[in-house]
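Notes to accompany the following structure.
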Amino acid sequence: MSATSPAPPRRPRTGLKVLRHGPVQWRLLAPVAPAARPPGHSARAAGVWLWTGGSKDWRDEGAVTPVRYRTDRCGSGGRWAFAAADTVESAWKIAGNPLVVLSEQQLIDCSTE
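Each residue of the sequence shown is one higher than the last, beginning at 1 in the numbering used here.
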């Protein structure tokens, strides 16, 4: 029997580091080349940095597809597919890939046949 108290439970490691620099906040997500790091960060802090402070208009970066005519043939239950497709399109472009237009119809099939 031990006279010492048990060790406190360890916090789970999520791999997410948050750095704050005044109003600017970056989140470290995954390893990448040193050129992708914010200025002033050492090689030990290399990673994918996500800007989480302030605001940014992704239309200026070409990361948003044009608005498409949305016929909600499935009623209000199909709106999630439009939001999901738009989100994935933008995330794909922001990650450094070419902008693509995804099909909402492939996400949800409202055929009654």
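Just so it is clear, CB atoms sit at the ideal spot from N, CA and C, and this is done for glycine as well.
Where does residue i sit, in a helix, a strand or coil, going by DSSP?
i: residue 104; result: helix
i: residue 91; result: helix
i: residue 99; result: coil
i: residue 78; result: helix
i: residue 85; result: helix
Here's the rule: buried if 16 or more other CB atoms are within 10 angstroms of the residue's CB, otherwise exposed. What is residue i?
i: residue 81; result: buried
Compare the C-alpha of residue i against each of the options and name the closest.
i: residue 106; options: 92, 84, 90; result: 84
Which value, in whole angstroms, describes the spacing of the CA atoms of residue i and residue j?
i: residue 108; j: residue 78; result: 7 Å
i: residue 88; j: residue 57; result: 17 Å
i: residue 64; j: residue 99; result: 8 Å
i: residue 103; j: residue 61; result: 22 Å
i: residue 93; j: residue 66; result: 14 Å
i: residue 59; j: residue 91; result: 13 Å
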